[in-house]
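Chains as they are written, first to last, in this note's numbering: chain A, 498 to 780; chain B, 453 to 724; chain C, 6 to 279. Read the structure below first, then the notes.
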Amino acid sequence: MTAAIDNVGTGRAGADRSAKDRAGTGRALSLRRAAVALAAAAIAYQAVAWGGLFPAVLFPGIPVIATTLWGMIRDGTMEMHAAFTLYRVLVGFVLAILVGLPLGVMMARFRPVENFFLPLVSALMPIPSFSLVPLFMLWFGIGNLTTILIVLYAATFPILFNTWSGVRAVNPLWLRAAGAMGADEKALFWKVIIPGASPLIITGLRQGFLRSWIAVIGAEMIAASQWGLGWVIFDAEQFLNTNIMMASVVVIGVIGFVFERLVFGSIERATVSRWGMVRLERR
Amino acid sequence: MPHIELREVSLEYDTPGGRVSAVENVDLAVEQSEFLCLVGPSGCGKTTLLNLIAGFLTPSRGEIRIGGQAISGLGFDRGVVFQDFAQLFPWRTALGNVAFGLEMKGVGWREREEIALRHLELVGLAKFARAYPHHLSGGMQQRVAIARALAYNPAVLLMDEPFAALDALTRDEMQRLVAEVWRETGKTVIYVTHNVAEAVYLADRVIVMTAHPGRVKREMAIAIKRPRDPLSLEFVDYQKRLLYELGQRTGQEEAEETAEIRRIGTTGRTRG
Amino acid sequence: MTDASLALAAPHPREGPLRRRLAIVARTVFPFAVVGAIWEAIAHAGIFPIKLFPPLETIAVTFVRLTLSGILPHHTLDTLVRLSLGFAIAAVFGVGVGLAMGRSRRVEDYLLPLVSILAPIPGLAYTPLFLLWFGPGNPSAVLLVGFVSSFAVIYNTWTGVKAVKEIWLRSAQAMGANDRRVFRQVILPGALPYILTGLRLGLAQAWRILVAVEMLASVPWGLGWMIFGARQFLDTDVMLAGVVVIAAIGLALEKLVFQRLEHLTVVRWGMIAG
Chain A
498 MTAAIDNVGT
508 GRAGADRSAK
518 DRAGTGRALS
528 LRRAAVALAA
538 AAIAYQAVAW
548 GGLFPAVLFP
558 GIPVIATTLW
568 GMIRDGTMEM
578 HAAFTLYRVL
588 VGFVLAILVG
598 LPLGVMMARF
608 RPVENFFLPL
618 VSALMPIPSF
628 SLVPLFMLWF
638 GIGNLTTILI
648 VLYAATFPIL
658 FNTWSGVRAV
668 NPLWLRAAGA
678 MGADEKALFW
688 KVIIPGASPL
698 IITGLRQGFL
708 RSWIAVIGAE
718 MIAASQWGLG
728 WVIFDAEQFL
738 NTNIMMASVV
748 VIGVIGFVFE
758 RLVFGSIERA
768 TVSRWGMVRL
778 ERR
Chain B
453 MPHIELREVS
463 LEYDTPGGRV
473 SAVENVDLAV
483 EQSEFLCLVG
493 PSGCGKTTLL
503 NLIAGFLTPS
513 RGEIRIGGQA
523 ISGLGFDRGV
533 VFQDFAQLFP
543 WRTALGNVAF
553 GLEMKGVGWR
563 EREEIALRHL
573 ELVGLAKFAR
583 AYPHHLSGGM
593 QQRVAIARAL
603 AYNPAVLLMD
613 EPFAALDALT
623 RDEMQRLVAE
633 VWRETGKTVI
643 YVTHNVAEAV
653 YLADRVIVMT
663 AHPGRVKREM
673 AIAIKRPRDP
683 LSLEFVDYQK
693 RLLYELGQRT
703 GQEEAEETAE
713 IRRIGTTGRT
723 RG
Chain C
6 MTDASLALAA
16 PHPREGPLRR
26 RLAIVARTVF
36 PFAVVGAIWE
46 AIAHAGIFPI
56 KLFPPLETIA
66 VTFVRLTLSG
76 ILPHHTLDTL
86 VRLSLGFAIA
96 AVFGVGVGLA
106 MGRSRRVEDY
116 LLPLVSILAP
126 IPGLAYTPLF
136 LLWFGPGNPS
146 AVLLVGFVSS
156 FAVIYNTWTG
166 VKAVKEIWLR
176 SAQAMGANDR
186 RVFRQVILPG
196 ALPYILTGLR
206 LGLAQAWRIL
216 VAVEMLASVP
226 WGLGWMIFGA
236 RQFLDTDVML
246 AGVVVIAAIG
256 LALEKLVFQR
266 LEHLTVVRWG
276 MIAG
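This is the structure in structure tokens:
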């Protein structure tokens, strides 16, 4: 009896394997094309830089950008800018988690909390965080505090909103099954609701970080002094230091990529996609 | 003393259209280690009755006793298996799912794993202990659900059409498995189904229910020796008799059903 | 059981529709009243200078004054025009590229790496570059908004085309549809929920970034510029009046434009829950 069902299982695994093989040869082609595309883009950029369509100051070639980047890394200024930006974004993001996660859970679990906060959240959520920068500059001055608060504002709503939806979307059957097995409120919360809501909670954290990252760069451009990747780009503009700007853009992109793919991607792979709760899309 | 006893249990609830009686005056006694099937048309309140016994719902009137004690709410003395495959926790392995009830009871992890593994063995899934539910087929998931409901050793097993969503071949296998597990563990089982053959195959006794309001219409003891042969004459005879009971409707029921169809027709949609 | 739980979740039958509506209004207004009262208390308590933390009545007066003088409408209009132009670029460009990527393996292989490298860079980081390349003012602002918000559109359109069920394509082909018809009658409507999601995300992103772009790109009019300019004169009331307008536009974009569009199409087809 078990054999029959197990055979179905192995049969399916076999089918998966052959599909994977086919995808493997396809993937080699895709990788080759990706390499071609990137090379072509680089060559096209370099051609524009050499072609003299724009003044060289405004359109530095790739070697110039690379040299500038290397120089800034060697003398430690780039690390310093990155460290300041990371400090601001991480503090703001962690604060946003501390606000958004519990509030989202409470809104989903308790009707009065939802009744009170939902209208406020719906009204505040569409306000772009940048529109508060000038106000915060007046209230809290130029520097870390303003930037951190802008990040907090930008990241809280995605985290809160997704947590709220996630907890509300927890399959009631899981709650019943756990209740039948004697789970108390605490066990229900930690062992059923939180893991059950995790696909959306992780989505919220991901979106929240993405927004934080945009917010910190923008806030630094408008309201930072001396240090920070956003500030250095804006400062460089005034002196037409396009190479410094480009080098910073590269660093900003790399850090954003690392967080998005490596940090949140591996969290997702280790949890919700391993549990089959979300399907990982091919990217 | 019967193991499970229902005394004049009724459940009513309010709808925008007024008070509706889902279950009315049900008297029922289930003996220790008895296998009882509830059959009836959809909407007859058999699932509601099961939910009352499980403790998910509280009766408006009447009393439910298990082992002589009136129940209030959920308890470790009952294990529940639902129809929906999604009942397993996707974030836990098969083993983790089966161990959940033991964890709630405060059993240490070493013992927990050992007991859970034993129950996975009972349903023939020991080698899938580390697999996550989404890697298992529907039948396997339901077997894990059965193991999970048994693992913390409840005296009563409540099953709500657990195999209704499976294909016919798998369902036959699962029925044999349930009969075997029941023989080995000696649990008292209440099993809801709308499948007459399933009821005759599994039950010591079948309760036929009617709809609107949900009432017990008839009881039928199945006096066939186990293991039962679904192709034997007496098996088919029992099936016929049960189908006859289910097919027979009172004039009032028919009138209500016609009214219901009209109502659905005019509003254009229902929710199931 | 399902019947019972549905019935229990249904609204209480005794309350009339009018009373229920009033209760909903009261419930929505209440939190704002509480926050407003706290704001007033802080403003009048004099913890902060009144110039930096104006009471609500000052903000309201400023709002009315700026509206009547036509300054606020002018700023708002310019912002909306920039938003529409930028978003139109993103919509046309994004849907086009997304469809091409979804339909052709070749295009997908070539463009996907570029999209995935450019997308995670916060669009604002390009602001100074755009300012240098296209000069300060409107062209930079509009192009930047369009460029930045197109990624969400591209990505979702592409995903949507990939998500069109093989079985729909096969059944359409079996019924004799040619490639063009399959595209127009099956792929486009099939991918529509994703495309709409992409447009929605793109518009939200365009909206979020536009305010910052207006502050940085030295455009002559616009809500972002108004807020930023008011900082120099410590006109907190002007800033807050601007923020109110920004919030109202954001809310209107979400509720009026996209929710309505979704109800007309994909919700009606039952492809997503309403």
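Where is the CB? At the ideal position from N, CA and C, for every residue including glycine. The structure presented is a predicted model; accordingly, all values stated were derived computationally and were not measured.
Beta-bridge partners of residue i, as assigned by DSSP
i         : result
Gln521(B) : Ile518(B)
Cys489(B) : Tyr643(B), Val658(B)
Arg471(B) : Asp466(B)
Val532(B) : Leu610(B)
Val478(B) : Val461(B)
Ala673(B) : Arg657(B)
Arg513(B) : Ser462(B)
Euclidean distance between Cα positions of residue i and residue j
i         : j         : result
Phe615(B) : Gly519(B) : 28 Å
Trp728(A) : Ala716(A) : 9 Å
Ala481(B) : Ile456(B) : 6 Å
Arg571(A) : Met220(C) : 33 Å
Ala257(C) : Pro616(A) : 14 Å
Val224(C) : Leu201(C) : 30 Å
Pro631(A) : Phe233(C) : 6 Å
Ile752(A) : Gly573(A) : 17 Å
Val533(A) : Tyr115(C) : 7 Å
Arg519(A) : Leu707(A) : Legend: pLDDT at Arg519(A) = 48, less than 50; position of this residue unreliable, no value from coordinates given.
Ala593(A) : Tyr650(A) : 7 Å
Gly434(B) : Asn647(B) : Residue 434(B) is absent from the model: chain B starts at 453 and stops at 724.
Gly597(A) : Glu483(B) : 53 Å
Thr643(A) : Tyr584(B) : 46 Å
Ile43(C)  : Leu136(C) : 42 Å
Asn503(B) : Ala65(C)  : 57 Å
Ala666(A) : Lys688(A) : 15 Å
Ala531(A) : Thr164(C) : 18 Å
Val97(C)  : Arg87(C)  : 16 Å
Distance between beta carbons of residue j and residue i, contact taken as under 8 Å
i         : j         : result
Leu602(B) : Leu609(B) : 7 Å
Leu90(C)  : Val147(C) : 5 Å
For residue i, the three-state DSSP class (helix, strand or coil)
i         : result
Asp518(A) : Low per-residue confidence applies at Asp518(A): pLDDT is 46, beneath 50, and the placement is therefore not dependable, though the value from the model is reported in the following sentence. Correct three-state label for Asp518(A): helix.
Ser121(C) : helix
Gly666(B) : strand
Val760(A) : helix
Leu458(B) : strand
Glu483(B) : coil
Thr768(A) : coil
Met603(A) : helix
Arg582(B) : coil
Met231(C) : helix
Arg544(B) : coil
Arg175(C) : helix
Arg562(B) : helix
Val775(A) : coil
Gly103(C) : helix
Asn612(A) : helix
Trp226(C) : coil
Residue i: contacting residues in chain A (beta-carbon distance under 8 Å)
i         : result
Tyr604(B) : Met678, Gly679
Val532(B) : Arg673, Ala674, Ala677
Chain-ordered chain C contacts of residue i [CB-CB under 8 Å]
i         : result
Gly753(A) : Pro125, Ile126, Pro127
Ile719(A) : Ala217, Met220, Leu221, Phe233
Phe627(A) : Arg213, Ile214, Val216, Ala217, Met220, Gly229
Chain-ordered neighbours of residue i on chain B, where CB pairs are closer than 7 Å
i         : result
Arg673(A) : Phe508
Ala684(A) : Met556
Partner residues on chain A for residue i, Cβ-Cβ distance less than 9 Å
i         : result
His586(B) : Trp772, Gly773, Met774
Ala538(B) : Asn668, Leu670, Trp671
Leu574(B) : Per Cβ cutoff of 9 Å: no residues; Leu574(B) is ~12 Å from chain A at best.
Contacts of residue i in chain B (Cβ-Cβ under 8 Å)
i         : result
Ser695(A) : Trp543
Within chain A, the residues that residue i reaches when beta carbons sit closer than 7 Å
i         : result
Val241(C) : The question names Val, but residue 241(C) is Thr in the sequence shown. Within 7 Å Cβ-Cβ: Leu632, Leu635.
Met244(C) : Pro631, Leu632
Interface partners of residue i on chain C, CB under 7 Å
i         : result
Ala538(A) : Leu119
Trp710(A) : Pro127
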